[in-house]
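In terms of UniProt numbering, the sequence shown opens at residue 1 and continues consecutively. Backbone N, C-alpha and C fix where the C-beta goes; we use that ideal spot for every residue, glycine too. Data block below; observations after.
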Amino acid sequence: MAPLTRSQSLSVSQLPSTKSPPTLTTLPPELHLLISAHLTYPDALSLKHVSRHFYSLVYTGVNLKIEWLIERRTLHLDCPHDQKCELGSDMRFCRGSVRLLMERRRQHGGMRYERGRKG
């Protein structure tokens, strides 16, 4: 095959565009739901506070909090020692010893032994 002449060569604007790889925010909401369904409570709470979109999409309800507490207890990790652990809202739940556990988790770059939710 003969090389292209100057008049036959393509300009940069005529080259086919290469798509950049997708980011989390460019994925469809259906995938956001599937991904968030496998997060532990602390990870789901962090994702929830990334943007308004994720705040309205990510579940951090009572069942997820209880699942996280049970998993920590099963793995013999520190658990909240408050006699009244309020599960009603994220703000009330994250007071006291839960807040300290989550701060310690952030300082250590995450607990290597925590797994995502079963799904």
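- In the three-state reduction of the DSSP assignment, Ala44 falls in the helix class, which pools H, G and I.
- Boundaries of the alpha helix (DSSP H) around Thr74: Val62 to Thr74.
- Fewer than three Cβ pairs drawn from the segment 42-55 and the segment 72-79 lie within less than 8 Å of each other, which leaves the two stretches out of contact.
- In chain order, Thr60, Leu64, Lys65 and Trp68 place their CB closer than 7 Å to the CB of Tyr41, counting only its own chain and leaving out the 5 sequence neighbours on each side.
- Assigned with DSSP and collapsed to three states, Val98 falls in helix.
- Counting along the chain, the unbroken alpha helix (DSSP H) around Asp90 starts and ends at Asp90 to Phe93.
- His32 sits close to Leu57, with the two beta carbons spaced by under 7 Å.
- A direct Cα-to-Cα measurement between Leu100 and Phe93 gives close to 12 Å.
- Per DSSP, the unbroken alpha helix (DSSP H) holding Leu57 starts and ends at Arg52 to Leu57.
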